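Structure record follows, encoded as structure tokens.
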Amino acid sequence: MSGRIQVIKGDITKQEVDAIVNAANCSLLGGGGVDGAIHRAAGPELLNECRKLNGCKTGDAKLTKGYNLPAKYVIHTPGPIWRGGQKKEIELLASCYESCLRLASKHGCRTVDFPSISTGVYHFPLEKASVIAMSVIYDYLKEHKEIERVRMVCFDDRTKSYYEKALSELGEEL
Ligand code: ADP
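So in the numbering used here, spot 53 of the sequence shown is number 53, and the numbers just go up one at a time.
Encoded structure:
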């Protein structure tokens, strides 16, 4: 796969890219899962900067430096908690991906890596989440040539297989 959208298996805290995305919570003060892993790898200065941000609404995004991470920036976005699908979960998840990409463009990021937002403890169904993520990323990259590459960095094979499937069902490779 050599297009501008890629799916890989890996640990997002290890990626040398302009920005990694954090599946955060609204407090922006850290948590479990990928959020905890990012804070551990970035070091305590990340939490110091996050404390000054006054939290973040679900579906929005805020940017910090990457500190001890190989990534230059961290874009924090609180995904929606899945509550059955009638609480704007789909729109909110789409908004997470789009808000992150807009911030990445604004800060001159050319390479951006996402984790699978909301599909861990927030229980968003993986199949739905993967289709939403891929279609928002695809539509954005089509219109925004300044972003060279976006990767989904999946922590396990099952997650990876869903994003690969969603990617393969999009239009022509970008
Ligand atoms: P959420 O609260 O948004 O559901 P989680 O952190 O619980 O976030 O899970 C989101 C996804 O991130 C899950 O697929 C989980 O396996 C994955 N994940 C956990 N740690 C990492 C990591 N270090 N790198 C990439 N993905 C990770």
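We put the CB at the ideal spot given by N, CA and C, even for glycine. Quick caveat: nothing in here was measured; it's all calculated off a predicted structure.
| query | result |
| --- | --- |
| Residues near L92 in its chain [Cβ-Cβ closer than 7 Å; skip 5 each side] | T58, G59 and P80 |
| Same chain, Cβ closer than 6 Å to L53, neighbours up to 5 away in sequence not counted | L28 and K62 |
| Neighbour-count burial assignment, N48, 16 or more Cβ in a 10 Å radius | exposed |
| For I117 and L167, the rounded distance between their alpha carbons | 16 Å |
| Reference R4; option with closest CA among E98, F155 and V112 | V112 |
| Residue of E172, G10, D35 and P125 minimising C-alpha distance to W82 | P125 |
| Terminal residues of the alpha helix (DSSP H) in which K128 lies | L126 to E143 |
| When C100, H123 and V121 are compared against R151, the one with the closest alpha-carbon | C100 |
| Cβ neighbour criterion (16 or more within 10 Å) applied to V121 | exposed |
| Beta-carbon proximity of V153 to G10, cut-off 9 Å | yes |
| Every unbroken beta strand (DSSP E) within the region 71-115, with a cutoff of 3 residues, ordered by chain | 73-78 and 111-114 |
| Beta-carbon proximity check, K65 vs L46, cutoff 9 Å | yes |
| Bounding residues of the beta strand (DSSP E) (the contiguous stretch that carries Y28) | Position check: residue 28 holds Leu in this sequence, whereas Tyr was assumed. That residue, L28, is in no beta strand (DSSP E); it is neither H nor E in DSSP. |
| Nearest to C26 (by Cα), restricted to the options H76, Q15, H39 and E146 | H76 |
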